[in-house]
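To start, the structure under review is shown below, and the notes come after it.
Protein chains: 2
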Amino acid sequence: MKQFGIGLVGCGTVGGGVWRNLNAKREVIASRTGVEFDIRRVAVRDVSRHGDIPADRLFTNWREVVHDSRVEIVVELMGGTSTALEVTRAALEAGKPVVTANKALLAEHGQALATLADTKGLPLYFEASVAGGIPIIKVLREGLRANAIRSIHGIINGTCNYILTRMSEQKESFDTVLADAKRLGYAEADESLDVDGIDAAHKAAVLASLAYGFWITADQVYVEGIRGVTDLDTRMASKLGYTIKLLGIIRQHSCTGVEVRVHPTLIPSNHVLASVGGVFNAIAVDGDIVGRTLFYGRGAGADATSSAVLSDICEAGMDLACKRRPVSASGHNLYGKLLTMDEVVTRRYVRLTVLDTPGVLGQVASIFGSYNIGISSVFQPEEHEGESLPLIMLLDPAKESVFRQASAQVSALEVVKAAPTVLRMEDFS
Amino acid sequence: MKQFGIGLVGCGTVGGGVWRNLNAKREVIASRTGVEFDIRRVAVRDVSRHGDIPADRLFTNWREVVHDSRVEIVVELMGGTSTALEVTRAALEAGKPVVTANKALLAEHGQALATLADTKGLPLYFEASVAGGIPIIKVLREGLRANAIRSIHGIINGTCNYILTRMSEQKESFDTVLADAKRLGYAEADESLDVDGIDAAHKAAVLASLAYGFWITADQVYVEGIRGVTDLDTRMASKLGYTIKLLGIIRQHSCTGVEVRVHPTLIPSNHVLASVGGVFNAIAVDGDIVGRTLFYGRGAGADATSSAVLSDICEAGMDLACKRRPVSASGHNLYGKLLTMDEVVTRRYVRLTVLDTPGVLGQVASIFGSYNIGISSVFQPEEHEGESLPLIMLLDPAKESVFRQASAQVSALEVVKAAPTVLRMEDFS
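Heads up: the sequence lines are chains C and P, in that order. At position 153 of the first sequence (counting the first as 1) the number is 283 in this note's numbering, and the numbers step up by one without a gap. At position 55 of the second sequence (counting the first as 1) the number is 185 in this note's numbering, and the numbers step up by one without a gap.
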């Protein structure tokens, strides 16, 4: 049986899970792959904090891991984009395949790394970079191989989904739930990476790149986080038959390009994605042959993520064993272009805070009407706040650029007392 | 670029889809795999019915396809288990990898075919045999490779799911919906393969074999179809917070064995599986590292199924190109044993038709009590049928063998007017 040496760079939550699970599953992995793996060197920040790993395998200098001749596969789990880039580059330069869980790295330097991998004739594995334990990269790359991807809708940030689920089910405020999420370890002390949609944007960039064969960077992804969503919105959405989720949305328009965006979104409450609660992730993929599919599981955590890393390690070993020629990581030649957000057409949920006087609806409706934006539903709950009250409208599809103008005009009305809350809608039609 | 010749044996619904989609996707497939495919020979029953395929590629004798030297990969899509077995055997004997969508063949002859494939050092691909377009075989074999599978719960028959969804949502009777399903092409003229759970049992056998590494045949799977489910049951279940689905249930008990069963099942209405409606399939997999996952999509149809066949063809070509040594198809050495149905413990929904006289509940409850089976919920709707009325109970977990005795005694009561409807429950705990 072939044996391959693994070099682990980074041994935090995920790295620790990989160490533990790979050792626990040695036998199962060997019998299922025909290959044995041994983690021979591990790069860590502080060797004193890894008592479970034999001291002679621990190094503080990653170069001693990557360049060790007994390390044949490099697994980068350190996070960040500067040293991680150096590590990945060095490994590929040294002719070693790389397994990474680093979505930020891919969303920033994916193209450069893929090109380097191609030049070296090496594969790049990144199953764990998106949606933790869900094998979505394998599904897109292999399971749906012959499909052109029409769209992807993903709940790809567990923290946001936990917060929105609790706001919606328990009618609690964003701040209350966020505080709880931090206490429970579902949110970081600095919540911004999750709550502001940045993490989801990294993952959306990776998924879009994979689906459309050209590398999209995170800064090309339109992002809105969930701070602007109130429990009033989750309640009103529910009354109207919708559920609010932070979605990564990727969709191809045959002529104009690909849209890639991350924002809180109203989806029909009877859609499968709406039933994805708590910290779980789910990704709906619409392929032109297969039709609608959906993949669900834990998106984070030591175990779920290490399940994905182990799958990649197995793949890397089996590929090495047969010297399988990797499919180009830098694209499958279906180059495309991104659609700017201005061009994106969606339906919208708009919540206005308006004065409780007659004629308000008329004024607002006339403005939307003058931009040719129809109103498909209006709802005014009996929830006064002093002299103001909420007015909720569901608008017909409109281009982002057109809606912004209309919205600015509505905001400027004297009867409108606060900046409107605008949430986009998806009907999966 | 390497080129491989495909021989298609069988060209009905799925075969037609494969012919059409493989030709339409030639370019995409080549760019994503580095391999080109050409369907060089096609075995059909009647050459006159395949005008879209060049006449010189059509043959009525499958041997002319399998044994043609320009055919390097054999794709078996004829169905059935006698000729299909001959075809698959002949292809493997001739040293050619086989792609099959034939769950019945695998559920009957899986072990023999896998052993033959192993002997020949050949891979056997069967992504399309379970759940159509959902790449569940790849997920189990590769995506969750390091996981021990704790359980699988699958909605793996679209016809049954369509019928149960409509019964539940539209409060229609089984017969009405079945007639409609036939009209719409969701059910065959002879519905028994689907409605009696046989098709689902084939798929459950394949999934269980894959998950536990020993081949399980369809006749070892406990099967109940959905003919016994009435719209009264779907309504009562809904009132109690449950949804009825035909599930394939596969679960490992660490010491005693693996249970594999197919039957209508009450699941909590807030579970993701409950939101899987219509002809869609979904498979929930609980792995010991990854935790709970779920995979959803179309389980049948020319396109969805051919998406899976094409993924396998790509895999076969890429494996051939690098002469990748296949992982044994005949098991990953985790041999296990099956649990008999008698030993299976479940909660149960029991609907009795009882006389409308005092003391009935007491008599029934005493019997269950004497077998140590607790009653967790009782519900008696105001729906009289002459002198009788329905009495619904949710029972605490009990072993099948014990429950059967209790149930026989309850049925024998004078106040019980018809054979009880018994549906098992799953709580996913």
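Where is the CB? At the ideal position from N, CA and C, for every residue including glycine. Because the structure is a prediction, the values reported are computed rather than measured.
- Query: Which same chain residues, not among the five before or five after Phe410(P), have their C-beta less than 8 Å away from its C-beta?
  - Reply: The sequence position of residue 410(P) within the second sequence is 280, counting from 1. So the list reads Ile285, Gly288, Asn291, Tyr426, Gly427, Arg428, Gly429, once near-sequence residues are dropped.
- What's the C-alpha gap between Val204(C) and Arg357(C)? Against the first sequence, residue 204(C) aligns to sequence position 74. Against the first sequence, residue 357(C) aligns to sequence position 227. Rounded to the nearest angstrom, the two C-alpha atoms are 38 Å apart.
- Whole angstroms is fine: what's the gap from Gly145(P)'s alpha carbon to Arg179(P)'s? Numbered from 1 along the second sequence, position 15 holds the residue referred to as residue 145(P). Numbered from 1 along the second sequence, position 49 holds the residue referred to as residue 179(P). Roughly 13 Å separates the two Cα atoms.
- Message: Counting only C-beta atoms, is Phe558(P) closer than 7 Å to chain C at any point?
- Response: Start at 1 with the first residue of the second sequence, and residue 558(P) comes out as number 428. Interface residue (Cβ-Cβ distance to chain C less than 7 Å): Phe558(P) is not classified as such.
- Item | Interfacial residues, the stretch 256 to 276 of chain P to chain C, with Cβ spacing under 7 Å | Those residues of the stretch 256 to 276 of chain P that come within reach of chain C (Cβ to Cβ, closer than 7 Å) are Gly263, Ile264, Pro265, Lys268, Val269, Glu272, Gly273, Leu274, Arg275, Ala276.
- Query: Using a Cβ-Cβ cut-off of 6 Å (strictly less than) and excluding sequence neighbours within five positions of Val307(P), which residues of its own chain qualify?
  - Reply: Numbered from its first residue, the second sequence carries residue 307(P) at position 177. Only residues of its own chain outside the window of five on either side were considered, and among them Ile293, Arg296, Met297 have a CB closer than 6 Å to the CB of Val307(P), listed in chain order.
- Can you check DSSP and say which residues form a bridge with Leu424(P)? Walking along the second sequence from the start, residue 424(P) turns up at place 294. In the DSSP assignment, the residues bridged to Leu424(P) are Tyr426(C), Ala414(P).
- Item | Any chain C beta carbon closer than 7 Å to Lys155(P) | Within the second sequence, residue 155(P) is the residue found at index 25, counting from 1. Answer yes: the Cβ-Cβ gap between Lys155(P) and chain C drops below 7 Å somewhere.
- Task: Select from Ser405(C), Thr395(C), Pro398(C), Ile397(C) the residue whose C-alpha is nearest the C-alpha of Pro398(P).
- Result: Looking up residue 398(P) in the second sequence gives position 268. The candidate whose alpha carbon is nearest that of Pro398(P) is Ser405(C).
- Residues that Ser405(P) contacts on chain C, provided the C-beta gap is smaller than 9 Å: What you label residue 405(P) is simply residue 275 of the second sequence in a count that begins at 1. Correct list: Asn400, His401, Val402, Ala404, Ser405.
- Message: Please identify, using Cβ separations under 9 Å, the residues of the stretch 409 to 427 of chain C that lie next to chain P, in order along the chain.
- Response: Look at the stretch 409 to 427 of chain C: the residues with a C-beta under 9 Å from a C-beta of chain P are Phe410, Ala412, Ala414, Val415, Gly417, Asp418, Ile419, Val420, Gly421, Arg422, Thr423, Leu424, Phe425, Tyr426, Gly427.
- Query: Just reading off the beta strand (DSSP E) that Tyr372(C) is part of, what are its end residues?
  - Reply: Locating residue 372(C) in the first sequence gives position 242, counting from the first residue. Element bounds for Tyr372(C): 372 to 383.
- Between the Cα of Arg271(C) and the Cα atoms of Thr245(P), Leu243(P), Gly251(P), Asp442(P), which residue gives the shortest distance? Against the first sequence, residue 271(C) aligns to sequence position 141. Closest in C-alpha terms to Arg271(C), from the list Thr245(P), Leu243(P), Gly251(P), Asp442(P), comes Asp442(P).
- Nearest candidate by alpha-carbon position, reference Gly466(P), set Lys529(P), Asp433(P), Ser339(P), Ile522(P): In the second sequence, counting from the first residue as 1, residue 466(P) sits at position 336. Per the Cα distances, Ser339(P).
- Task: State yes or no: is the beta carbon of Cys452(P) nearer than 7 Å to at least one beta carbon in chain C?
- Result: Translated into the one-based positions of the second sequence, residue 452(P) becomes position 322. Taking CB atoms only, Cys452(P) has a neighbour in chain C less than 7 Å away.
- Message: Need the endpoints of the beta strand (DSSP E) that Ile279(C) sits in, please.
- Response: The count along the first sequence starts at 1 and reaches residue 279(C) at position 149. Ile279(C) -> beta strand (DSSP E) spans 279 to 285.
- Task: For chain P, find out if any of its Cβ atoms is closer than 7 Å to the Cβ of Asp433(C); answer yes or no.
- Result: Residue mapping note: residue 433(C) aligns to position 303 of the first sequence, counting from 1. True, the Cβ-Cβ gap to chain P drops below 7 Å.
- Task: Within 10 angstroms of the Cβ of Phe167(C), are there 16 or more other Cβ atoms? Answer buried if so, exposed if not.
- Result: By one-based count along the first sequence, residue 167(C) stands at place 37. Flag for Phe167(C) reads buried.
- The beta strand (DSSP E) spanning Ala173(P) covers which residue range? Translated into positions along the second sequence, residue 173(P) becomes position 43. Where Ala173(P) is concerned, the enclosing beta strand (DSSP E) stretches over 165 to 173.
- Ile397(P) at chain C interface by Cβ criterion, 7 Å: Here residue 397(P) refers to the residue found at position 267 of the second sequence. Judged by the 7 Å Cβ criterion, Ile397(P) is not in contact with chain C.
- Beta-carbon proximity list for Leu138(C), same chain, < 8 Å, skipping 5 on both sides: As a first step, residue 138(C) is located in the first sequence; it is residue number 8 there, counting from the start. Only Gly145, Val148, Trp149, Ile169, Arg171, Val172, Ala173, Val195, Val205, Leu207 meet the Cβ criterion.
- Query: Does the stretch 410 to 424 of chain C come within contact of the stretch 500 to 510 of chain C, defined as at least 3 CB pairs closer than 8 Å?
  - Reply: No, they do not touch.
- Cβ-based burial, Glu513(C) [other Cβ within 10 Å; buried from 16]: If you number the first sequence from 1, residue 513(C) lands on position 383. Flag for Glu513(C) reads exposed.
- Message: In chain order, what are the residue ranges of uninterrupted alpha helix (DSSP H) at least 4 long that sit wholly in the stretch 225 to 290 of chain P?
- Response: For secondary structure counted as the alpha helix (DSSP H) over 4 or more consecutive residues, the stretch 225 to 290 of chain P holds these complete runs in sequence order: 233 to 250.
- Message: So the candidates are Asn400(P), Met366(P), Ile279(P), Ser199(P); which of them puts its Cα closest to the Cα of Gly343(P)?
- Response: Reading the second sequence from its first residue, position 213 is the one you call residue 343(P). The residue among Asn400(P), Met366(P), Ile279(P), Ser199(P) with its C-alpha nearest the C-alpha of Gly343(P) is Ile279(P).
- Item | Near-chain C residues of the stretch 522 to 548 of chain P (beta-carbon distance less than 9 Å), N- to C-terminal order | Legend: CB atoms of the stretch 522 to 548 of chain P lying less than 9 Å from CB atoms of chain C are not found in any residue.
- Query: Would you say Ser259(C) and Leu236(C) are within 7 Å of each other, going by their C-beta atoms?
  - Reply: Within the first sequence, residue 259(C) is the residue found at index 129, counting from 1. Within the first sequence, residue 236(C) is the residue found at index 106, counting from 1. Result yes, Cβ atoms of Ser259(C) and Leu236(C) sit closer than 7 Å.
- Query: Can a CB atom of chain P be found closer than 7 Å to the CB of Cys141(C)?
  - Reply: As a first step, residue 141(C) must be located in the first sequence, where it is residue number 11. For Cys141(C), the nearest beta carbon of chain P is not closer than 7 Å to its own beta carbon.
- Query: Buried or exposed: which applies to Met523(C), given that a residue is buried once 16 or more other Cβ atoms fall within 10 Å of its Cβ?
  - Reply: Translated into positions along the first sequence, residue 523(C) becomes position 393. Only buried fits Met523(C), as 16 or more other CB atoms lie within 10 angstroms of its CB.
- For Thr395(P), which residues does DSSP report across the bridge? Numbered from its first residue, the second sequence carries residue 395(P) at position 265. In the DSSP output, where bridge partners are listed per residue, Thr395(P) has Lys375(P), Arg554(P).
- Contact set between Glu445(P) and chain C, taken where Cβ atoms lie within less than 9 Å: For the purposes of this step, residue 445(P) is identified with residue 315 of the second sequence, where counting begins at 1. The answer, in chain order, is Glu272, Arg275.
- Compute the distance between the beta-carbons of Ser437(C) and Gly315(C), then report whether it is under 7 Å. The residue labelled residue 437(C) in the question sits at position 307 within the first sequence. The residue labelled residue 315(C) in the question sits at position 185 within the first sequence. In this structure, Gly315(C) does not lie closer than 7 Å to Ser437(C) by Cβ.
- Hey, would you say Arg391(P) sits closer than 7 Å to Ile374(P), going by beta carbons? Position 261 of the second sequence holds residue 391(P). Position 244 of the second sequence holds residue 374(P). In terms of Cβ geometry, Arg391(P) and Ile374(P) do not form a close pair [threshold 7 Å].
- Message: I need the straight-line Cα distance from Leu337(C) to Ala234(C), nearest angstrom please.
- Response: Along the first sequence, read from residue 1 onward, the residue named residue 337(C) stands at position 207. Along the first sequence, read from residue 1 onward, the residue named residue 234(C) stands at position 104. Straight-line Cα distance between these residues: approximately 12 Å.
- Message: Under 7 Å, Cβ to Cβ, is there at least one residue of chain P near Asn291(C)?
- Response: Taking the first sequence and counting its residues from 1, the one referred to as residue 291(C) is at position 161. False, the Cβ-Cβ gap to chain P never drops below 7 Å.
- What's the C-alpha gap between Gly240(P) and Asp329(P)? Position 110 of the second sequence holds residue 240(P). Position 199 of the second sequence holds residue 329(P). Answer to the nearest angstrom: the Cα atoms are 15 Å apart.
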